[in-house]
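These protein sequence lines are chains A and B, in that order. Letter by letter, the first sequence follows residues 1 to 536 of our numbering. Letter by letter, the second sequence follows residues 1 to 95 of our numbering. Using N, Cα and C, we set each Cβ at its ideal position, and we do this for glycine too. As the structure is a prediction and not an experimental result, all values here were calculated from the model. Just below is one structure, and these are the notes that go with it.
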Amino acid sequence: MSDTVIQNHEPNYLEYKGRYKGIFAWIFSTDHKRIGLLYLYSMLVLFSVAAILGLLMKIELIAPGKTIMDAQTYNSFFTLHGITMIFLIVVPGLPAVFGNFFLPLMIGAKDVAFPKLNLLSWWIYILGAAVALSSQFFGDGPPDTGWTFYAPYSFRTGTNMLPAVTGAFILGFSSIATGINFIVTIHRMRAPGMTWMKMPLFPWALYSTSWIQVLATPIVGVTLLMIVLERTMQIGFFDPALGGDPILYQHLFWIYSHPAVYIMILPAMGVISEIIPTFARKTIFGYKAIVVSTLAIAFVGYFVWGHHMFTSGMSGTALYTFSILTFLVAIPSAIKIFNWVATLHKASIDIQTPFLWALCFLFVFMIGGLSGMVLGALSANVHLHDTAFVVAHFHFIVFGGTGYAFFGALHYWYPKMFGRMYDKGWANIGLAVFFTGFNTLYLPMFYLGMIGMPRRYYDYVEEFHGPNIVSSFGAMLMISGLVIIITNLVRSARKGEIAEADPWKGKTLEWTTASPPTLENFDEIPIVTKLPYDYE
Amino acid sequence: MEKEQHTHIVKYKTYIFVLIALLFMTFASVAITSINLGPYTVSAALLLASIKSILVLLIFMHLKFDKKFYGIMAASVFLLLACVIFITFLDYLYR
Numbered sequence: 001m002s003d004t005v006i007q008n009h010e011p012n013y014l015e016y017k018g019r020y021k022g023i024f025a026w027i028f029s030t031d032h033k034r035i036g037l038l039y040l041y042s043m044l045v046l047f048s049v050a051a052i053l054g055l056l057m058k059i060e061l062i063a064p065g066k067t068i069m070d071a072q073t074y075n076s077f078f079t080l081h082g083i084t085m086i087f088l089i090v091v092p093g094l095p096a097v098f099g100n101f102f103l104p105l106m107i108g109a110k111d112v113a114f115p116k117l118n119l120l121s122w123w124i125y126i127l128g129a130a131v132a133l134s135s136q137f138f139g140d141g142p143p144d145t146g147w148t149f150y151a152p153y154s155f156r157t158g159t160n161m162l163p164a165v166t167g168a169f170i171l172g173f174s175s176i177a178t179g180i181n182f183i184v185t186i187h188r189m190r191a192p193g194m195t196w197m198k199m200p201l202f203p204w205a206l207y208s209t210s211w212i213q214v215l216a217t218p219i220v221g222v223t224l225l226m227i228v229l230e231r232t233m234q235i236g237f238f239d240p241a242l243g244g245d246p247i248l249y250q251h252l253f254w255i256y257s258h259p260a261v262y263i264m265i266l267p268a269m270g271v272i273s274e275i276i277p278t279f280a281r282k283t284i285f286g287y288k289a290i291v292v293s294t295l296a297i298a299f300v301g302y303f304v305w306g307h308h309m310f311t312s313g314m315s316g317t318a319l320y321t322f323s324i325l326t327f328l329v330a331i332p333s334a335i336k337i338f339n340w341v342a343t344l345h346k347a348s349i350d351i352q353t354p355f356l357w358a359l360c361f362l363f364v365f366m367i368g369g370l371s372g373m374v375l376g377a378l379s380a381n382v383h384l385h386d387t388a389f390v391v392a393h394f395h396f397i398v399f400g401g402t403g404y405a406f407f408g409a410l411h412y413w414y415p416k417m418f419g420r421m422y423d424k425g426w427a428n429i430g431l432a433v434f435f436t437g438f439n440t441l442y443l444p445m446f447y448l449g450m451i452g453m454p455r456r457y458y459d460y461v462e463e464f465h466g467p468n469i470v471s472s473f474g475a476m477l478m479i480s481g482l483v484i485i486i487t488n489l490v491r492s493a494r495k496g497e498i499a500e501a502d503p504w505k506g507k508t509l510e511w512t513t514a515s516p517p518t519l520e521n522f523d524e525i526p527i528v529t530k531l532p533y534d535y536e
Numbered sequence: 001m002e003k004e005q006h007t008h009i010v011k012y013k014t015y016i017f018v019l020i021a022l023l024f025m026t027f028a029s030v031a032i033t034s035i036n037l038g039p040y041t042v043s044a045a046l047l048l049a050s051i052k053s054i055l056v057l058l059i060f061m062h063l064k065f066d067k068k069f070y071g072i073m074a075a076s077v078f079l080l081l082a083c084v085i086f087i088t089f090l091d092y093l094y095r
């Protein structure tokens, strides 16, 4: 992408001695790379807790009736699992970790536009997480509404709702600050010669995502505040007894939370758009089509929130409109899939772990996307709404999309981040176990949903038993895969082989600097003369 | 990439005129509640609030003097919000 490979002479960012020492050198660092790793470590801890909660729920469902927990505990577990996974991991995940670390590197900048604001975003994230999780430990018991905080239950339940809602409200500020930072960084700090159409696709995805973060997050912030006011002052926004409208809450919540799905998935698509050309050793097929489809998803994604509310009692006109718009948003997603597959056509593929993650992403994301089409159809949705089918679809999209891309990104950029290479054999074994477990866990849930098993119940009738046993076994297998993957990565950060600057022969700017990069990334700001995936 | 900088100094007189206009419209939006406009009361208040926002954006936030590109981006945001409100009302008006 740049004409010359730049040699670095400064100490790398991990060894750099700044004003503070020890842990303070991390939690007060304004270096975008250290902040990216702060997010990574925070999220890995939170992810482990939320994944264990998920496993415990699946163990509860291994047999009908009470197995290891009662109904109220199950309700609080799926609420905490949802809040942690959505608000603390998948929404901020890829932008906060890999966006922070790689956006400046990929556009040839020394840092983000506002480094102090960037650090503040992490502190707000930690504060929001602490407030949200505090709901578990004091007050009138853990929240039991699910991560959606639906009215009127969210202001009528006796459980400890206020900290959970306030935590989610605080987390929104972190998201907005990160979004503003990235938009300004991309507008103002691209390297000389990097025109918009020479910018790599991951920064493009971050750009679209940041606009959604900035524009949609305030809506959920206000909505969550309205819940707090409704609960404390009985104003009557959503409570029918006070003249309010509970469906208004659903509108306001999903006006944010559906675009939030694109906050989760667009950076994931950006990661896949980086991995595929690198290992296909080929220019990505339809660069401009991918850029336009990224922007189109971000735009059309604002107008489809009503498909979460098909059974809520909305007007027929709204139902038809949302259904049509939902089908429309599938088009740009399909364009991307087509482009990725076309890139692989007649390519000299180097099969490495990140590439295998990208392939698995394509497989699971297509299942998630196509099952979304089933749910987007009004007639099918009435039958499947709030069943295990929705849970399966959602996990195929969010975990199968964002999760696979997250681990793909981690394996792709790991040598750049830590300067060491993980054990590829164990990485592939971990992926194989995880992928098998993932499909064994979620595929039976499509079937369970179709035969009528509702979501969010700790008990079920005997006819659902068989598929639930398979699904619970899948959960155990998937967690085993995760343990292998994470152990391998943690161990390799200290004991892995020293990695080269460009182990995958990538063409984007981050591969032109040392592994790990120096504090200011480049000795000299690179001058961009070529397209980002120039393998010809 | 975008390194060019330009500054535009707005006269104090302009700021004071805008301030007076904003104060006038604030009082007007309070006063308008005493007139029975029926279903248009909210529309009138929203109209005044929109004009105030546009004045702030154009003058205080310098959108009028900046590159047209930024104006288009700000306008797109309002268009997006208008679309979201319109779609929401497809439910409320036809329920």
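Rounded to a whole number of angstroms, what is the C-alpha to C-alpha distance between A:I276 and A:T436? 22 Å
Taking 8 Å as the limit between beta carbons, can you name the residues of its chain near B:L57, skipping five residues before and five after? L63 and A74
Residues of the region 15–33 of chain B with a CB closer than 8 Å to any CB of chain A: list them in chain order, please. none
Contacts of A:Y302 in chain B (Cβ-Cβ under 7 Å): L80 and V84
Under DSSP, the alpha helix (DSSP H) around A:R491 begins and ends at which residues? H465 to K495
Out of A:P240, A:I183 and A:A289, point me to the one whose CA is closest to A:P104's CA. A:I183
A:L359 to A:Y125 span [Cα, whole Å]: 32 Å
Nearest-angstrom Cα separation, counted from A:P95 out to A:L206: 7 Å
If the cut is a Cβ gap below 7 Å, which residues of chain A does B:Y40 touch? Within 7 Å Cβ-Cβ: nothing; B:Y40 doesn't reach chain A, min ~21 Å.
Kindly list the residues whose CB is nearer than 7 Å to the CB of B:F65, restricted to its own chain and excluding five residues on each side of it in sequence; keep chain order. H8
Please tell me whether B:V77 has its Cβ less than 8 Å away from any Cβ of chain A. yes
Buried versus exposed call for A:V490 [16 or more other C-beta atoms within 10 Å across all chains shown]: exposed
Do the CB positions of A:Y256 and A:V220 come within less than 8 Å of each other? yes
Closest residue to A:V97 among A:T513, A:P503 and A:W413 (Cα-Cα distance): A:W413
Euclidean distance between Cα positions of B:V42 and A:G18: 56 Å
Looking at A:A427 and A:T353, is the spacing between their C-beta atoms short of 8 Å? yes
Please name the residues in the region 208–220 of chain A whose beta-carbon is closer than 7 Å to at least one beta-carbon of chain B, in chain order. L215
So the candidates are A:L119, A:M69 and A:H81; which of them puts its Cα closest to the Cα of A:Y39? A:L119
So, is A:D3 buried or exposed, given that buried needs 16 or more other C-beta atoms within 10 angstroms? Below a pLDDT of 50, predicted positions are generally treated as unreliable, and A:D3, at 45, falls in that range; the measurement from the model is reported next regardless. By the neighbour-count rule (16 or more Cβ atoms within 10 Å), A:D3 is not buried but exposed.
Counting beta carbon pairs with one atom in the region 143–153 of chain A and one in the region 178–197 of chain A, are three or more of them shorter than 8 Å? no
Identify which residue in A:I27, A:W196 and A:S210 has its Cα closest to the Cα of A:G93. A:S210
8 Å Cβ cutoff met for A:F446 and A:F389: yes
Could you say which of A:L225, A:S121 and A:R188 lies nearest to A:M161 if we only look at CA atoms? A:L225
Taking the alpha carbon of A:I347 as the reference point, which residue from A:G167, A:T278, A:G403 and A:L61 has its own alpha carbon closest? Before going further, note that residue 347 of chain A is Ala rather than Ile in the sequence given. Measuring from the Cα of A:A347, the nearest candidate turns out to be A:T278.
Use the C-beta contact count for A:T79: other C-beta atoms within 10 angstroms, 16 or more gives buried, fewer gives exposed. buried
Quick check: what's the CA-CA separation for A:P454 versus A:I290? 37 Å
Out of curiosity, what's the CA-to-CA distance linking A:Y74 and A:F138? 18 Å
Residue of A:L133, A:H32, A:A129 and A:S175 minimising C-alpha distance to A:F114: A:H32
Closer than 7 Å by beta-carbon distance: list the chain A residues that pair up with B:I87, in chain order. F303 and T321
If you measure between the beta carbons of A:A280 and A:I349, is that distance less than 8 Å? yes
Tell me the rounded alpha-carbon separation between A:L356 and A:V364. 12 Å
Three or more C-beta pairs under 8 Å: does that hold for the region 454–472 of chain A against the region 398–409 of chain A? no
Give me, in chain order, the residues of the same chain whose beta-carbon lies closer than 7 Å to that of A:A51; leave out the 5 immediate sequence neighbours on both sides. I479 and L482
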